[in-house]
Amino acid sequence: MMHAGFGIWELTPPLGVELAGYGYYLNRRALSVRDPLYARAVLLETDDVRSLVISCDLLGLSKAVCAEVFRHAEALGIPAERVMIVSIHTHTGPAIKYHEGCGFVDGAYAARVGGLICRAADEAAADLAEVTALHQAFSPFEGDHIYNRTVADGPVDRFVRGFTLTRCGKAPICLINAACHGVFLRRSTAVSADFAGEINRLMEEHGVRSIYLNGLCGDIDPCKPSEARLNEFARIVVNAFTERSRPLPLSLEAGSLPFALKLTSVTEKEIRGAAKRAVETAGGAEKPAARVALAWEKEMLARLDQLQDTEEITCKYLLLGGVPVVAFPFEGYTRIGQEIRDITGRQDSLVLGCSEELLGYLPTRDDIARGAYAALESNFLYKRLPVVPGEAERLGRETGRMLKKILP
709 MMHAGFGIWE
719 LTPPLGVELA
729 GYGYYLNRRA
739 LSVRDPLYAR
749 AVLLETDDVR
759 SLVISCDLLG
769 LSKAVCAEVF
779 RHAEALGIPA
789 ERVMIVSIHT
799 HTGPAIKYHE
809 GCGFVDGAYA
819 ARVGGLICRA
829 ADEAAADLAE
839 VTALHQAFSP
849 FEGDHIYNRT
859 VADGPVDRFV
869 RGFTLTRCGK
879 APICLINAAC
889 HGVFLRRSTA
899 VSADFAGEIN
909 RLMEEHGVRS
919 IYLNGLCGDI
929 DPCKPSEARL
939 NEFARIVVNA
949 FTERSRPLPL
959 SLEAGSLPFA
969 LKLTSVTEKE
979 IRGAAKRAVE
989 TAGGAEKPAA
999 RVALAWEKEM
1009 LARLDQLQDT
1019 EEITCKYLLL
1029 GGVPVVAFPF
1039 EGYTRIGQEI
1049 RDITGRQDSL
1059 VLGCSEELLG
1069 YLPTRDDIAR
1079 GAYAALESNF
1089 LYKRLPVVPG
1099 EAERLGRETG
1109 RMLKKILP
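Sequential numbering from 709 applies to the sequence shown in the working numbering.
See the structure below:
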């Protein structure tokens, strides 16, 4: 027997907070609210497993916020390894963790966010009802609304995936997944969940409780972004999701997968050299991109003795009705998902990005070879070391192999 509950709690920040993304030191303040931001939670349980899936209408989360949610989940009988927290990566919401130049954190607001997310989890726990049927959505979609921004004709995942849980006496719950950067609204000063918020709104018009789970969006952007295009894309995704479905068994597994991420080893000379080249490229130390690079240089030199060439991370997974769902703490690239689906033989797998504390981009080997934004410059604002080339592909392969061993 399976039970499921849905919870939602508002995360909308106060007006005046700085919004995250779209460039450096923009001082882009929230002047209005286009649509509220929410934390949405789905609690799933069988006789053997209790798990929690949370999606937040934010750019990303901090380690402190996630730790607060994990502690609260423990009180609900859910261990941290069975709690999957993701963010939709909207660029018209506030920063929770500071990324240099890309939106200063409002400390008072950020300190409340963990507690607000926990309220959504509590609502989900109070909403539990028996699941009478579980259906899978897995459909292609058409349109020119998204593209691979890193390379011409690069891979684009044009599938909508997800689940519908029909419940006894309560509204169905839908978990819906596609992949795109949350930047349809460009440099708007209105708080918004971007296209993800519109997808949830449209799904709710169908009489369901909806949670949107963003895929690997690191290399996927809207094409010709605008509010009209946002609405079109959201409707395309919803139509694809509701177009067809197939029944699944009422089964659930959840846990975490370990991975040792390899980072580039650097010397003091190399740190200073990278910052110097960034300043020269930007056209002077006063330029915004140069300021970001110099802030990175200062922090890396201060932490030089503590810098490591490996980083232990964990990736959360679910098997819902036997269908894999896995989440990574990166703005990951489409190819990672391709590796996982090819190895597992499950093209219907949901591969999510921007989970838990957002660690930045995870570019592919070819993107690193081009010296593109995600490969180098983005490390400055996230204050991290670049990954070793090939780590994105290796993460996909190893995750695929681990999932394949777990799959029924």
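We put the CB at the ideal spot given by N, CA and C, even for glycine. Since the structure is predicted, the reported quantities are computational estimates derived from the model, not experimental observations.
In the DSSP assignment, find the unbroken beta strand (DSSP E) run with residue i in it and report its ends.
i, result
"C882", "K878 to A886"
"K970", "L960 to K970"
"N939", "No beta strand (DSSP E) contains N939, which is instead part of the alpha helix (DSSP H) from E935 to E951."
"K1024", "T1018 to L1028"
"T1052", "Per DSSP, T1052 belongs to no beta strand (DSSP E); it is in the alpha helix (DSSP H), T1042 to T1052."
"C764", "R758 to C764"
"G785", "No beta strand (DSSP E) contains G785, which DSSP labels as neither H nor E."
"T800", "Segment: none, T800 is in no beta strand (DSSP E) and carries neither H nor E."
Going straight from the alpha carbon of residue i to that of residue j, what length do you get?
i, j, result
"A788", "G992", "46 Å"
"E913", "E906", "11 Å"
"Y1069", "R1078", "15 Å"
"V987", "E1005", "11 Å"
"Y746", "S900", "10 Å"
"S763", "V946", "17 Å"
"E1101", "G877", "45 Å"
"Y855", "I928", "6 Å"
"E976", "L1012", "7 Å"
"F778", "I1021", "16 Å"
"A997", "D1075", "20 Å"
"G1045", "A1082", "18 Å"
"R999", "A1080", "19 Å"
"P966", "L1111", "12 Å"
"E1047", "G1108", "7 Å"
"V1096", "S1063", "21 Å"
"G815", "A828", "21 Å"
"D861", "L969", "28 Å"
"R742", "N908", "14 Å"
"P955", "Q1055", "17 Å"
"Q1016", "A772", "21 Å"
"T720", "G1098", "38 Å"
"D1050", "N1087", "29 Å"
Please report the Cβ distance between residue i and residue j, rounded to the nearest whole angstrom; I am assuming they are in contact, meaning their Cβ atoms lie under 8 Å.
i, j, result
"K984", "E808", "Not really, about 17 Å apart at Cβ, beyond 8 Å."
"L767", "G801", "6 Å"
"E831", "A712", "Not really, about 13 Å apart at Cβ, beyond 8 Å."
"V974", "L1093", "6 Å"
"I716", "D765", "Actually they do not touch by this definition, with Cβ atoms about 10 Å apart."
"E1007", "L971", "About 15 Å; that fails the 8 Å criterion."
"G1030", "P957", "6 Å"
"N939", "L1060", "Wrong, their Cβ atoms sit about 24 Å apart, outside the cutoff."
"E994", "P1037", "About 33 Å separates the two Cβ atoms, so there is no contact after all."
"R952", "S1057", "Not really, about 18 Å apart at Cβ, beyond 8 Å."
"M710", "L960", "6 Å"
"L1009", "L1115", "With 8 Å as the limit, L1009 and L1115 do not qualify as a contact, their Cβ atoms being about 46 Å apart."
"G963", "R790", "7 Å"
On a Cα-Cα basis, can you pick out the residue from the options that is closest to residue i?
i, options, result
"A728", "A819, P722 and R737", "R737"
"H853", "E935, D1013 and R980", "E935"
"P880", "A860, A887, M911 and V757", "M911"
"T897", "L734, G1030, T858 and L1026", "L734"
"A783", "K771, R758 and K805", "R758"
"R857", "D865, G926, R827 and A845", "G926"
"G870", "A845, L893, G862 and V859", "A845"
"P722", "G981, V813, A887 and A1083", "V813"
"S770", "V741, D743 and Y817", "Y817"
"D865", "C882, H889, R937 and S1063", "H889"
"L1089", "S740, Y806 and A834", "Y806"
"L873", "D743, A887, L752 and A990", "L752"
Along the chain, where does the alpha helix (DSSP H) containing residue i start, and where does it finish?
i, result
"D1074", "R1073 to A1077"
"M1110", "E1099 to I1114"
"E831", "G815 to A834"
"E1085", "E1085 to Y1090"
"P996", "P996 to A1010"
"L910", "D902 to E913"
"E718", "Per DSSP, E718 belongs to no alpha helix (DSSP H); it is in the beta strand (DSSP E), H711 to E718."
Are the beta-carbon atoms of residue i and residue j separated by less than 7 Å?
i, j, result
"L824", "I786", "no"
"R1105", "T1072", "no"
"I884", "Y920", "yes"
"H799", "V891", "yes"
"G1040", "L924", "yes"
"R875", "V916", "no"
"I804", "C774", "no"
"F849", "I944", "yes"
"F941", "F903", "yes"
"C1023", "V1033", "no"
"E726", "G811", "yes"
"L930", "R894", "The amino acid at residue 930 is misidentified as Leu; the sequence shows Pro. The answer is no: Cβ separation not under 7 Å."
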